[in-house]
Each structure stands twice: as C-alpha cells, then as structure tokens.
Amino acid sequence: MIKKLDHIAIAVRNIETASKFYTEHLGLSIAKIEEVPTEKVRVAFIQVGDIWIELLEPTAEDSPISKFLDKRGEGLHHLCLQTHDIQESITNLHQHGVRMLDESPRIGAKGTQVAFVHPKANAGVLTELVQYPEGESH
Ligand code: ZN
0 MIKKLDHIAI
10 AVRNIETASK
20 FYTEHLGLSI
30 AKIEEVPTEK
40 VRVAFIQVGD
50 IWIELLEPTA
60 EDSPISKFLD
70 KRGEGLHHLC
80 LQTHDIQESI
90 TNLHQHGVRM
100 LDESPRIGAK
110 GTQVAFVHPK
120 ANAGVLTELV
130 QYPEGESH
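Residue numbering for the sequence shown follows numbering that gives the first Met the number 0, starting at 0 and increasing by one per position.
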C-alpha cells in the first residue's frame with residue numbers, strides 16, 4: 000500500500016542557481032548536497048515539511064540527467080511514492096498491466112529498495128517507488 004509522497008526530483012543545470020528559489024526567495028535551506036558517482040549526478044536535498052525536494056544536477060555529459068535536460072530542459076524529473084511493501088506494489092501494478100522500468104526492486108540509498116514505473120503510466124511523469132528499511136522513514 001502507498002504510504003505517502005516521499006520526494007519530488009527536479010532536473011537542473013546548476014544547483015547553486017536553481018536552489019536560490021528555495022533558499023533566498025522562500026527561506027528554506029539545503030540539508031545536504033551529495034554526489035552520486037554511479038548515477039553521474041549531484042543532488043541537493045531540501046526539506047519541505049516531511050517531503051523532500053531533490054535538485055538533480057548532472058556531473059557528466061553522459062549522465063542520464065544531461066540527456067533529460069537536452070531533451071526536455073529543466074523541470075520535473077520524477078516523483079517518488081513511499082510504499083509499505085515494494086514487492087507487493089510492483090505485483091499489484093503488474094496485475095493492472097502497468098509497465099515497470101524495474102521488474103524487481105533494487106537497492107537505493109540508505110538501505111532502501113526502489114523501483115521505477117514507466118513514465119507512460121503516469122502522464123509522462125517518471126514515478127519511483129521506495130520502501131525504507133523496517134521502522135524507518137524520512
Ligand atoms: Zn528519487
């Protein structure tokens with residue numbers, strides 16, 4: 000079962016420029032900036048209530064985020080829904096004929112399990128499912 004919206008990720012060319020909207024204009028702060036070499040991306044995490052906004056900046060020409068920016072420009076990259084049981088959610092989506100990019104969960108940050116749903120299933124918006132380790136959430 001889906002628990003809540005976990006985060007919204009926005010593809011940006013430059014974190015320092017894009018984050019000004021949140022920091023200077025809205026008075027929010029960046030909790031941390033992390034580089035994820037395997038995804039060739041730098042991520043700024045901004046907390047809004049119990050939801051996170053992630054700004055994704057490519058660190059290489061061949062980063063998936065570079066490709067996204069070339070094709071669609073800056074903007075909404077994906078949203079992420081937190082689920083109690085990711086395997087159950089995937090099975091459920093399969094039963095409804097929804098196409099998955101990940102047929103089975105893979106390991107995400109901080110011991111989470113994640114799986115991506117094909118954007119065609121959600122009006123062109125890439126959708127991520129996440130399950131946190133037992134008893135944890137953020
Ligand atoms: Zn995400």
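By construction, the Cβ of each residue, glycine as well, lies at the ideal position given by its N, Cα and C atoms.
Counting along the chain, the unbroken alpha helix (DSSP H) around A17 starts and ends at 14-17.
In the three-state scheme derived from DSSP, where H, G and I count as helix and E and B as strand, D49 is classed as coil. Here P57 is near L68, since their CB atoms are less than 8 Å apart. When the beta-carbon positions are compared, K39 and S62 come within less than 8 Å of each other.
One alpha carbon belongs to M0, the other to I52, and they sit about 22 Å apart.
For H77, the beta-bridge partners assigned by DSSP are A8, L125. Contact between L55 and I45 does not hold, since the beta-carbon distance rounds to 12 Å and is not under 8 Å. Taking a cut-off of 8 Å on C-beta distances, the stretch 81-88 touches the stretch 122-134, as three or more cross pairs fall below it. Rounded to the nearest angstrom, the Cβ distance from M99 to V116 is 6 Å, consistent with a contact under 8 Å.
Beyond the five residues adjoining it in sequence on each side, V35 comes within less than 7 Å, by CB distance, of V42 in the same chain, given in chain order. Distances between the C-beta of E127 and the heavy atoms of the ligand ZN include at least one below 7 Å.
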